[in-house]
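>
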Amino acid sequence: MTSIFDGEAVRFDIPAGFRVGNYEILDRLGSGWTAETYLCRELPTGIRRAFKIYDQFDDRQAILNLKLVAHYADVLERVGDIAILPRYHHMGHLFLWSHDGLGHHYMIQEWIEHGPTPLSACSREQVSAFLAKVKRVHARGLALGDFEPENLVVTPSGAIRMVDCDYGRPGRDNTNIEGDVRALGRLFKPFGFKDLWQALR
416 MTSIFDGEAV RFDIPAGFRV GNYEILDRLG SGWTAETYLC RELPTGIRRA
466 FKIYDQFDDR QAILNLKLVA HYADVLERVG DIAILPRYHH MGHLFLWSHD
516 GLGHHYMIQE WIEHGPTPLS ACSREQVSAF LAKVKRVHAR GLALGDFEPE
566 NLVVTPSGAI RMVDCDYGRP GRDNTNIEGD VRALGRLFKP FGFKDLWQAL
616 R
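Structure representation (structure tokens):
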């Protein structure tokens, strides 16, 4: 896998194949001011995960951020694949990293050149597939939040994905499911949201 990051701020330079506990390093995704992110494989299950490794913890906010990331990871573990696409800020650029099953690796700068696929161009079937995933999360008593046009993208394969969400805070999950439904209703009203939502089991 080729990383879309071209930064020079390599901090740890952990080689592919290196094992940390039950995880094997696959690739370096990128570096920031205080951390480096690696793509890893969980050896017992084969699941691919991302590791964010910090080089210092001299800032109380960094600890709070780490707790929030851990909380999000815990929620993702419980809800399954809702397909949140990571966004990374690096050297003044905003990157969007994804592997959507068809080998597409792309970033926001490419969309500026070629133009993103608008939600309005999606079919009812694509919208219904996305709503079905959201409803499975709701069935677990959790809400996603942040359903805004700028937080949803359409991948090259035509799937709707989220790039931001609100899982709440450690010890306080986001359970405002009614808020999710209202926001989704506004966002997908042109697709006949009410009928699509009620048709899902």
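Converting from the sequence shown to my numbering requires adding 415 to each position, the first position being numbered 1.
The C-beta atom is built at its ideal place from N, Cα and C for all residues, glycine as well.
DSSP on Glu593, reduced to helix/strand/coil?
Three-state DSSP puts Glu593 in a helix.
> Looking at the unbroken alpha helix (DSSP H) that takes in Glu540, where does it start and where does it end?
Per DSSP, Glu540 belongs to the alpha helix (DSSP H) from Arg539 to His553.
> Using only CA atoms, which one of Ile592, Met577 and Ser543 lies nearest to Arg396?
In the structure as shown, the chain starts at 416 and stops at 616, and residue 396 therefore has no counterpart that could be examined.
> Closer than 7 angstroms by C-beta to Pro459: which residues in its own chain qualify, once you throw out the five before and the five after it? Chain order, please.
Once the five neighbours on either side are set aside, the close Cβ partners of Pro459 are Asn437.
> Assuming contact is defined by CB atoms lying nearer than 8 angstroms, are Leu567 and Leu534 in contact in what I supplied?
Taking 8 angstroms as the Cβ cut-off, Leu567 and Leu534 qualify as a contacting pair.
> How long is the line joining the alpha carbons of Arg443 and Ile429, rounded to whole angstroms?
Answer to the nearest angstrom: the Cα atoms are 8 angstroms apart.
> Please state whether DSSP places Gly607 in a helix, a strand or coil.
Residue state, collapsed to three classes: coil.
> When the Cα of Ile575 is compared with those of Leu615, Arg597, Leu454 and Arg539, which residue comes out closest?
Closest by alpha carbon: Arg539.
> For Ser543, count neighbouring Cβ atoms within 10 angstroms of its own Cβ and tell me buried if that reaches 16, exposed if not.
Under this definition Ser543 is a buried residue.
> Report the CB separation of Cys580 from Asp561 in whole angstroms; it is logged as a contact under 8 angstroms.
Contact holds; Cβ gap of about 5 angstroms.
> What separation, rounded to the nearest whole angstrom, lies between the Cα atoms of Val569 and Phe433?
Cα-Cα distance, rounded: 34 angstroms.
> How is Ala598 classed by DSSP in three states: helix, strand or coil?
Residue state, collapsed to three classes: helix.
> Who are the near neighbours of Arg463 in its chain, counting only those whose CB is closer than 6 angstroms to its CB and skipping five residues on each side?
Result list for Arg463: Arg456, in chain order.
> Identify every residue that forms a DSSP beta bridge with Arg443.
Arg443 pairs with Tyr453.
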